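Visitor: Just passing along the structure, written as structure tokens.
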Amino acid sequence: MKALLHAELLKLRSTRTTAGLLLATLALVALTLAETVPNVGDENAPLSLDNPGLLAAAVGVSFGVPLVLVVLFGTLAFTQEFRYGTVTSTYLGEPRRKRVLVAKWLSLALASVVITTATLALSAALGIALIRSRDGDVTLAGHFWAVVASAFVVMAAYGLIGVAIGALVRNQIAAVVGVLVWMLAVEQIVIPAFPAVGRWMPGGATNALFQLGPALSLDGKLLPPSVGGLVLVGYTAAAVLLALVVTPRRDVL
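Position in the sequence shown (from 1) plus 137 gives the number in this note's numbering.
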């Protein structure tokens, strides 16, 4: 298992795609905050500058793009094996396919820690600077730290789901397009338009964990954070179990 995990981490570290996507993601995080925070306190803004949860909301909102990134990393971890035919040598080196799955999950969990830490450092520093530039409230209280803890849990869960998607949907284009359409179109439309349904989606559960109801003008329409966490755990467990059942039984090609 140690050799498998080392190999998976090497794949993540040694490709230009990884570094490029991470840098692009951090740039988009900065852009998101630069567009969001200056609008706080406006007449129609959902949050005011004296709201003690303002920094926590800014940090939570900034994770929109990193969540997509970690799912894509997980999906590509498997679909690239099928696309380039390396899955055959991978399974010859380790015939127990479940161990390959576990190694990929562990590598994505570790990668999610790095991405989460980088996102938190950037979003917190930039968020504090932008809020203070407008004489807003910067509070590092329990709400903020709850969002920080949730970020590590949510990112790890999305990484596991991404690997499961890659294991189940072998076609790389179909898997990547499906992820992007779901996260950037379907959930973005359904959650605000039909919150009674959207709050049960993975994105809705994530918004609940990040306590983004007030920031998204969905106050009282999302699940409680604890329930949102259970829903996300349920989705993650279902994806993991399905991948564990299907992967060993499938033909390689």
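Virtual Cβ for every residue (Gly too), placed ideally from N, Cα, C.
Just so we're clear, the structure is a prediction, and the values are computed from it rather than from any experiment.
1) From this set, N176, F210 and G197, which residue's C-alpha is nearest T152's C-alpha?
2) Among P339, S199 and L141, which residue has its Cα nearest to the Cα of L229?
3) For I359 versus A380, is the C-beta distance shorter than 8 Å?
4) With DSSP collapsed to three states, give me the class of E231.
5) Is the beta carbon of A374 sitting closer than 8 Å to the one on V300?
6) Are the beta-carbon atoms of I328 and M292 separated by less than 8 Å?
7) Which class does P339 belong to by DSSP, given the choice of helix, strand or coil?
8) Rounded to a whole number of angstroms, what is the C-alpha to C-alpha distance between T173 and L355?
9) Within the chosen definition, does the segment 255 to 269 reach the segment 229 to 238 through at least 3 CB pairs nearer than 8 Å?
10) When you compare the segment 191 to 199 with the segment 257 to 265, are there three or more beta-carbon pairs, one atom per stretch, that lie closer than 8 Å?
11) Here's the rule I'm using: 16 or more other beta-carbon atoms within 10 Å means buried, otherwise exposed. How should L163 be labelled?
Guide: Taking the structure as given:
1) Along the sequence shown, read from residue 1 onward, the residue named residue 152 stands at position 15. For T152, the nearest C-alpha among the options comes from F210.
2) Your numbering for residue 229 matches position 92 in the sequence shown. For L229, the nearest C-alpha among the options comes from L141.
3) In the sequence shown, counting from the first residue as 1, residue 359 sits at position 222. In the sequence shown, counting from the first residue as 1, residue 380 sits at position 243. Per the sequence presented here, residue 359 reads as Leu, with Ile not at that position. Cβ distance not < 8 Å, so L359 and A380 don't count as in contact.
4) Within the sequence shown, the letter at position 94 stands for residue 231. Three-state DSSP puts E231 in coil, outside helix and strand.
5) The residue you call residue 374 lines up with position 237 of the sequence shown. The residue you call residue 300 lines up with position 163 of the sequence shown. No.
6) As a position in the sequence shown, residue 328 is number 191, starting the count at 1. As a position in the sequence shown, residue 292 is number 155, starting the count at 1. No, the Cβ-Cβ distance between I328 and M292 is not below 8 Å.
7) Counting from one through the sequence shown, the residue named residue 339 turns up at place 202. In this structure, P339 counts as helix in the three-state DSSP scheme.
8) Position 36 of the sequence shown, counting from 1, holds the residue named residue 173. Position 218 of the sequence shown, counting from 1, holds the residue named residue 355. One C-alpha to the other measures close to 16 Å.
9) no
10) yes
11) The residue given as residue 163 occupies position 26 in the sequence shown. By the 10 Å Cβ count, L163 comes out buried.
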